[in-house]
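Its first residue numbered 1, the sequence shown is counted upward by one per residue in full-length UniProt numbering. We put the CB at the ideal spot given by N, CA and C, even for glycine. Step one of this worksheet: look at the structure below.
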Amino acid sequence: SVSSIVPESCLLIVVGLLVGGLIKGVGEKPPILKSDIFFLFLLPPIILDAGYFLPLRPFTENLGTILIFAVVGTLWNAFFLGGLMYAVCQLGGPGLNHIGLLANLLFGSIISAVDPVAVLAVFEEIHINELLHILVFGESLLNDAVTVVLYHLFEEFANFEQVTILDIILGFLSFFVVSLGGVLVGVIYGVIAAFTSRFTSHIRVIEPLFVFLYSYMAYLSAELFHLSGIMALIAAGVVMRPYVEANISHKSHTTIKYFLKMWSSVSETLIFIFLGVSTVAGHHYWNWTFVISTLFFCLIARVLGVLVLTWFINKFRIVKLTPKDQFIIAYGGLRGAIAFSLGYLLDYEHFSMRDMFLTAIITVIFFTVFVQGMTIRPLVDLLAVKKKQETKRSINEEIHTQFLDHLLTGIEDICGHYGHHHWKDKLNRFNKKYVKKCLIAGERSKEPQLIAFYHKMEMKQAIELVESGGIGKIPSAVSTVSIQNINPQTLPLERVLPALSKDKEEEIRKILRTNLQKTRQRLRSYNRHTLVADPYEEAWNQMLLRRQKARQLEQKMNNYLTVPAHRLDSPTMSRARIGSDPLAYEPKEDSENLPIITIDPASPQSPESVDLMSEEPKGCSGLPPSPEEDEEGLVMRVKEPSSPGTDDVFTPGTSDSPSNQRMLRCLSDPGPRPEPEEGEPFIPKGQ
Numbered sequence: 001s002v003s004s005i006v007p008e009s010c011l012l013i014v015v016g017l018l019v020g021g022l023i024k025g026v027g028e029k030p031p032i033l034k035s036d037i038f039f040l041f042l043l044p045p046i047i048l049d050a051g052y053f054l055p056l057r058p059f060t061e062n063l064g065t066i067l068i069f070a071v072v073g074t075l076w077n078a079f080f081l082g083g084l085m086y087a088v089c090q091l092g093g094p095g096l097n098h099i100g101l102l103a104n105l106l107f108g109s110i111i112s113a114v115d116p117v118a119v120l121a122v123f124e125e126i127h128i129n130e131l132l133h134i135l136v137f138g139e140s141l142l143n144d145a146v147t148v149v150l151y152h153l154f155e156e157f158a159n160f161e162q163v164t165i166l167d168i169i170l171g172f173l174s175f176f177v178v179s180l181g182g183v184l185v186g187v188i189y190g191v192i193a194a195f196t197s198r199f200t201s202h203i204r205v206i207e208p209l210f211v212f213l214y215s216y217m218a219y220l221s222a223e224l225f226h227l228s229g230i231m232a233l234i235a236a237g238v239v240m241r242p243y244v245e246a247n248i249s250h251k252s253h254t255t256i257k258y259f260l261k262m263w264s265s266v267s268e269t270l271i272f273i274f275l276g277v278s279t280v281a282g283h284h285y286w287n288w289t290f291v292i293s294t295l296f297f298c299l300i301a302r303v304l305g306v307l308v309l310t311w312f313i314n315k316f317r318i319v320k321l322t323p324k325d326q327f328i329i330a331y332g333g334l335r336g337a338i339a340f341s342l343g344y345l346l347d348y349e350h351f352s353m354r355d356m357f358l359t360a361i362i363t364v365i366f367f368t369v370f371v372q373g374m375t376i377r378p379l380v381d382l383l384a385v386k387k388k389q390e391t392k393r394s395i396n397e398e399i400h401t402q403f404l405d406h407l408l409t410g411i412e413d414i415c416g417h418y419g420h421h422h423w424k425d426k427l428n429r430f431n432k433k434y435v436k437k438c439l440i441a442g443e444r445s446k447e448p449q450l451i452a453f454y455h456k457m458e459m460k461q462a463i464e465l466v467e468s469g470g471i472g473k474i475p476s477a478v479s480t481v482s483i484q485n486i487n488p489q490t491l492p493l494e495r496v497l498p499a500l501s502k503d504k505e506e507e508i509r510k511i512l513r514t515n516l517q518k519t520r521q522r523l524r525s526y527n528r529h530t531l532v533a534d535p536y537e538e539a540w541n542q543m544l545l546r547r548q549k550a551r552q553l554e555q556k557m558n559n560y561l562t563v564p565a566h567r568l569d570s571p572t573m574s575r576a577r578i579g580s581d582p583l584a585y586e587p588k589e590d591s592e593n594l595p596i597i598t599i600d601p602a603s604p605q606s607p608e609s610v611d612l613m614s615e616e617p618k619g620c621s622g623l624p625p626s627p628e629e630d631e632e633g634l635v636m637r638v639k640e641p642s643s644p645g646t647d648d649v650f651t652p653g654t655s656d657s658p659s660n661q662r663m664l665r666c667l668s669d670p671g672p673r674p675e676p677e678e679g680e681p682f683i684p685k686g687q
């Protein structure tokens, strides 16, 4: 019940205080947490565990925000706190007047950095949502480079008689050297560890050893050259993990996972216990003005830094940081053992106020860990801040997430905006094409296939069946059916599916994730400027154009054959036109060879119902026009049904003579006549 209210780190510090008091009460001198022990043995396991199992997706998506908080926020805290503490020392009386500006800036750089150990200890217990956790924890990891640079910078400046502008510029450049140099060292050792794990298939026992060995060597190499050891460890863990896990066995993976968790937990416990013991055993110099001012200005600097930086960051973020998020980020800036160890490293010769610094640092650590650490859980519940989802996402959600990433990459490229999706896609392609082939052994360089995994499970199940079923010697190439035929009574009536372990389930989920989302890669890369033409695209376009032209031609022919080419004039207009210019309507000499268009006069009112109809000028049949026909104008003749095999359109029938099928002028006024009934034809056949 106590651990649900008080964080574990607070309880461990209390245990350390009790142990230290007990040792001092006996008359012995309690041990003090030496900086060498802390930085060389206790801190690396915690950072390696955090870096090796770092959630890469939220970390990379929020990397810009994390870097702004880690770099700009830490610089702001250090200089704001150092400047105000210098003012306090100048106004604070005779006990503080001797503390100069560089000493206060050094103290500000020590106390300003958020501690990853304290953040991990508190935030993992309150189960805060992933965004806030990665923002605060990522800041605590990446601000190590700023802390290391400022600490060594002000420590060196304290020995100088005069600090020039060149020294300040070199100090500014050293930040890039320390941070990028640490990352480079970590990447090199991560690649070496991945390459070594390629050749360990016959010595599986020592596979976990290589992971720990190369990671620790990366940390030591970075610290040797005063680079950021924390950045080196994080980079080594992030780089080596995907390749090492593809090469090592499942048992080695389990060993690495649980040994790192156990190792980091032991280190964390020892750090907080030693903090309590060192508080009792150390030399302290209490100054109310300095200690209370330090605590107050630490809180003010943190709150102001978070508010100003979040106002700036929200201008560029899609998912904005709400006031609740800002409060949790500001309230979660816990200090821990890194500040204490850096303070313990100070030299008495150059910093005579070391004991007062250590007293103020321990006060700030106890306040942040006890007060803020104990009250952050009820505050999270009170503000209804979103908690972390304990359930895993389904494979369907993960596949659709990958699909949306692929879609957003294409959209970014079409728009010409190269965002993080674009560079992530480029990096994945480079990794798959070159890096995996070098760092992953044999066929395992390809993504695990479902069929191979199924065969492996089937083989394992068959071996278990043979071992448990009491079957004698069976040929190696025996099938499942033959096994059932040999010893059918050993199988149960109802097949019981064995329960999968969590590790096996996670392996199956990973294989399904990587295989079910297979996007069709038609182009080598997304680049709207260098699009590769599809060789079949032109042929398809030509074929589609030909089909379209054929359809249009067919449609035109149908319209020409079924619909009149022009709108028919009224009977009066037709007679007037023929009477005014009879020569224009006389047949030409070669008109015998012209085709005769025939339609069926079903209904003159609707052009849609007009079928093939014979419309010919007078004299087209080769006979001279009679005077009656001259008066009648155009003659419409009904087409007789043609015999099979003849052309209905272009072949003139035998019944085209005027004597058989002459009709009254259809285009002239027929006079009053009764409406035809519904079943009657428009023109009776006997007419």
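Evaluate residue i with the Cβ neighbour count: other Cβ atoms within 10 Å of its Cβ, from every protein chain shown; 16 or more gives buried, anything less gives exposed.
i	result
L102	buried
V26	exposed
T490	For T490, the predicted structure reports a pLDDT of 46, less than 50, and the residue's modelled location is therefore unreliable. A value from the coordinates is still provided. Classification of T490: exposed, given that the 10 Å Cβ count is below 16.
V178	buried
L12	buried
G181	buried
L382	exposed
P30	buried
Y434	exposed
C10	buried
T65	buried
V280	buried
What residue range is occupied by the uninterrupted alpha helix (DSSP H) comprising residue i?
i	result
M353	Per DSSP, M353 belongs to no alpha helix (DSSP H) and is neither H nor E.
L275	250 to 281
F59	56 to 61
P45	43 to 52
F212	207 to 224
K436	436 to 439
W288	288 to 313
V371	Neither: V371 is in no alpha helix (DSSP H) and is coded neither H nor E.
F403	395 to 415
Y344	337 to 344
T391	Note, T391: premise wrong, no alpha helix (DSSP H); not H, not E.
I126	116 to 126
Under 8 Å, do residue i and residue j count as touching if we go by C-beta distance?
i	j	result
M85	T294	yes
residue 691	E155	Lying outside 1 to 687, the shown extent of the chain, residue 691 is not represented and no answer is given.
F175	A145	yes
I273	V2	no
G73	N104	no
V117	I234	no
V380	I328	yes
G282	I68	no
L142	A218	no
Y52	R241	yes
V277	V19	yes
E130	P58	yes
Going straight from the alpha carbon of residue i to that of residue j, what length do you get?
i	j	result
V364	D115	12 Å
M459	T200	24 Å
T359	V163	29 Å
D503	E245	13 Å
F366	L334	10 Å
L321	A337	29 Å
Q552	Q542	15 Å
L408	H421	7 Å
K424	G186	20 Å
G332	H350	33 Å
N287	S352	14 Å
T646	L545	The pLDDT assigned to T646 is 45, lower than 50, so where the model puts this residue is not dependable; a value taken from the coordinates is nonetheless given after this. So the two alpha carbons sit approximately 34 Å from each other.
F80	E397	45 Å
S4	Q372	15 Å
Tell me, to the nearest whole angstrom, how far the beta carbon of residue i is from that of residue j; I am working on the premise that it is less than 8 Å.
i	j	result
V148	V136	Between V136 and V148 the Cβ distance is about 20 Å, and since that is not below 8 Å, they are no contact.
V238	L54	6 Å
R302	A330	5 Å
S109	A158	The Cβ separation is near 12 Å, so there is no contact.
A193	Y214	4 Å
Give a yes or no on whether the minimum CB-CB distance between residue i and chain E is below 8 Å.
i	result
K34	No chain E is present in this structure, which holds just one protein chain.
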